[in-house]
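Working notes, beginning with the structure itself.
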Amino acid sequence: MTNKLTIICVDDERNVLLMLRNQLMHFFSDCKIEIAESGDEALEVIEEILSNGGDVALVIADQIMPKMKGDEFLIELHHRYPQILKVMLTGQANVEDIGNVVNRGNLYRFISKPWDETDLRLTVVEALRRFEQDKQLAKHQLALEQNNLELIELNANLERAYVELKSVSKLKDEFLAMMSHELRTPFNSILGVSECLLEEIYGQINPRQKEAISIIESSGNHLLKLINDILYFSKLTTDLVKLDIESVAIADLCNSSLEFVKQQSLKKKIQITINISPEVEVFKADPLRMRQVLVELLNNAVKFTPIGGKVSLNVKTAPPLGELVTSSNVAKTSDSLNQIADNQEVLNTHSWIYFEVTDTGLGIAPSDQNSLFQPFIQIDSGLSRSYEGIGIGLAIVKKIVELHRGDIELSSQIGRGSCFTVSIPFRN
Numbered sequence: 001m002t003n004k005l006t007i008i009c010v011d012d013e014r015n016v017l018l019m020l021r022n023q024l025m026h027f028f029s030d031c032k033i034e035i036a037e038s039g040d041e042a043l044e045v046i047e048e049i050l051s052n053g054g055d056v057a058l059v060i061a062d063q064i065m066p067k068m069k070g071d072e073f074l075i076e077l078h079h080r081y082p083q084i085l086k087v088m089l090t091g092q093a094n095v096e097d098i099g100n101v102v103n104r105g106n107l108y109r110f111i112s113k114p115w116d117e118t119d120l121r122l123t124v125v126e127a128l129r130r131f132e133q134d135k136q137l138a139k140h141q142l143a144l145e146q147n148n149l150e151l152i153e154l155n156a157n158l159e160r161a162y163v164e165l166k167s168v169s170k171l172k173d174e175f176l177a178m179m180s181h182e183l184r185t186p187f188n189s190i191l192g193v194s195e196c197l198l199e200e201i202y203g204q205i206n207p208r209q210k211e212a213i214s215i216i217e218s219s220g221n222h223l224l225k226l227i228n229d230i231l232y233f234s235k236l237t238t239d240l241v242k243l244d245i246e247s248v249a250i251a252d253l254c255n256s257s258l259e260f261v262k263q264q265s266l267k268k269k270i271q272i273t274i275n276i277s278p279e280v281e282v283f284k285a286d287p288l289r290m291r292q293v294l295v296e297l298l299n300n301a302v303k304f305t306p307i308g309g310k311v312s313l314n315v316k317t318a319p320p321l322g323e324l325v326t327s328s329n330v331a332k333t334s335d336s337l338n339q340i341a342d343n344q345e346v347l348n349t350h351s352w353i354y355f356e357v358t359d360t361g362l363g364i365a366p367s368d369q370n371s372l373f374q375p376f377i378q379i380d381s382g383l384s385r386s387y388e389g390i391g392i393g394l395a396i397v398k399k400i401v402e403l404h405r406g407d408i409e410l411s412s413q414i415g416r417g418s419c420f421t422v423s424i425p426f427r428n
């Protein structure tokens, strides 16, 4: 149950004090009405009420009183308890006294004696409403100050965390640089010695020895590739990789990428075709990174396509995105649109070049397609588990494409193959 608000009446004339209290008790039965015959007594009453958890909303005081005049009492009251509203009730106060308490005591209202009951009642009603509003405002202000302190502390914690993160990031970069050297150096030695042994530089070896060394070389190359992929992906995630943009001949890029998978496709009797639209000749990109993208996609297509299947690399261009968005056959994903919209220049001054790698392979279930570009995730199927890898190749592809401000999409059906589409902006 909430405490009643208290109104305190202060006057040295006993009969006036009692009459005032009776009228207030009649009009405001839900409030406590306390009386005091001097300013000192009123301050003691107020202190006791507040110390017991009560609320003093309003003090109505006469001006002419012994020892402490009304204006002096109200000014002292304001200094001690500024939240309490103050009304002066007197017929003998001069303008100077009233001005003094208005300026120094924040006087709420002045009422002349003898007072009008209606005027008194309305004044007290407004004062109580004002007190409640001020009280709620003070609570909100306190809550805001507490929130502000919490935000200041949170911001300080974030700044400390940011400094720590930068330190950790620097250590990570230094660790990656060290690992890049420390891991590659011994593997290069192992692979170099294996190659020399296979070429019988150190002497003739028998077939069983040659087969064993071939396994060492093959396994070493595979492990070195995994290490390189992990280190390279780590650099991509820390923005350490910068693109070397230059003019790239489309035909040369496609043909050189195809060379990396030609032997594998011949072993599986997979037919690979390249189709390049005649209007596509040159575009701006990092040739090394774009070749890395195409080789990864072609390698996956050949890997997951059965013997005698088909793989194609199709390259075509399209008008600026603004025109595509209004077309009924738009095929861009929402993620792609959001990413491209981050750069208005791309929207307005660039067309798009599309690299489509299509195969007649196993296909990918819709439930697996969303996680396909996440690092270190492999699709859990009986067919895919038979292939080597740690599930990082497509994650690297996605990062490289995004560095080019492009996008990669997948359309696939189980048993009917897949199509990976890389879209890269380029100037007309």
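Residue numbers for the sequence shown follow UniProt numbering, so the first one is 1 and each next one is one higher.
Note that beta-carbon positions come from the ideal geometry of N, C-alpha and C, so glycine has one too.
Leaving out five residues on either side along the sequence, give the residues of the same chain with a beta carbon under 6 Å from the beta carbon of P287. For the purposes of this step, residue 287 is taken as the residue at position 287 of the sequence shown. Excluding sequence neighbours, P287 sits near V248.
Opposite V101 in the DSSP bridges: which residues? On the sequence shown, position 101 is the one that residue 101 refers to. V101 is not bridged by DSSP to any residue.
With DSSP as the reference, label Q413 as helix, strand or coil. By 1-based counting over the sequence shown, the position of residue 413 is 413. Strand at Q413.
Which of the three DSSP states is assigned to F260 in this structure? Counting from 1 along the sequence shown, the entry for residue 260 is found at position 260. For F260, the secondary structure class from DSSP, reduced to helix, strand or coil, is coil.
Taking 8 Å as the cut-off, does the segment 35 to 48 touch the segment 113 to 124 (at least 3 CB pairs, one atom from each stretch)? No contact exists between the segment 113 to 124 and the segment 35 to 48.
Just confirm the distance between the C-beta atoms of T358 and G417, as a whole number of angstroms; I'd bet it's less than 8 Å. Here residue 358 refers to the residue found at position 358 when the sequence shown is read from its first residue. Here residue 417 refers to the residue found at position 417 when the sequence shown is read from its first residue. Between T358 and G417 the beta-carbon gap is near 7 Å, inside 8 Å, which marks them as a contact.
DSSP on N52, reduced to helix/strand/coil? The residue given as residue 52 occupies position 52 in the sequence shown. DSSP places N52 in coil when its eight states are reduced to three.
Find the nearest neighbour of S312 within the set E72, F355, V293 and D119, judged by alpha-carbon distance. As a working note, residue 312 is residue 312 in the sequence shown. The residue among E72, F355, V293 and D119 with its C-alpha nearest the C-alpha of S312 is F355.
Quick check on DSSP: helix, strand or coil for S112? As a first step, residue 112 must be located in the sequence shown, where it is residue number 112. Taken through DSSP and simplified to helix, strand or coil, S112 comes out as coil.
Please state the DSSP three-state secondary structure of C419. Taking the first residue of the sequence shown as position 1, residue 419 is located at position 419. It is a strand residue.
Flag this pair as yes or no: are the beta carbons of D55 and K170 separated by less than 9 Å? Walking along the sequence shown from the start, residue 55 turns up at place 55. Walking along the sequence shown from the start, residue 170 turns up at place 170. The answer is no: Cβ separation not under 9 Å.
How about F426 and I408: do their beta carbons lie closer than 9 Å? Sequence index remark: in the sequence shown, residue 426 carries index 426 (1-based). Sequence index remark: in the sequence shown, residue 408 carries index 408 (1-based). Not in contact: F426 and I408 (Cβ atoms no closer than 9 Å).
Inter-residue Cα distance where the pair is I364 and I414: The residue you call residue 364 lines up with position 364 of the sequence shown. The residue you call residue 414 lines up with position 414 of the sequence shown. Going by the C-alpha atoms only, they are around 5 Å apart.
Cα-Cα separation, L403 to L151: The residue labelled residue 403 in the question sits at position 403 within the sequence shown. The residue labelled residue 151 in the question sits at position 151 within the sequence shown. If you take the alpha carbons of L403 and L151, they lie about 35 Å apart.
Which whole-angstrom value is the C-beta distance of S351 and T317, which I expect to be below 8 Å? By 1-based counting over the sequence shown, the position of residue 351 is 351. By 1-based counting over the sequence shown, the position of residue 317 is 317. Yes, they are in contact, since the Cβ atoms of S351 and T317 sit about 6 Å apart, within 8 Å.
Taking Cβ to Cβ, would you say V10 is nearer than 9 Å to A57? The count along the sequence shown starts at 1 and reaches residue 10 at position 10. The count along the sequence shown starts at 1 and reaches residue 57 at position 57. A57 is positioned such that its CB atom lies no closer than 9 Å to that of V10.
The alpha helix (DSSP H) with T25 in it runs from where to where? Here residue 25 corresponds to residue number 25 of the sequence shown, with the count starting at 1. Before going on, a small fix: residue 25 reads as Met here, not Thr. DSSP places M25 in the uninterrupted alpha helix (DSSP H) bounded by R14 to F27.
Could you tell me how far apart the beta carbons of I7 and F27 are, in whole angstroms, since I believe they sit closer than 8 Å? Within the sequence shown, the letter at position 7 stands for residue 7. Within the sequence shown, the letter at position 27 stands for residue 27. Contact between I7 and F27 is absent: CB atoms are separated by about 10 Å, not below the 8 Å threshold.
Quick one, are the C-beta atoms of G393 and E296 less than 9 Å apart? As a first step, residue 393 must be located in the sequence shown, where it is residue number 393. As a first step, residue 296 must be located in the sequence shown, where it is residue number 296. Yes, the pair counts as a contact, with Cβ atoms nearer than the cut-off.
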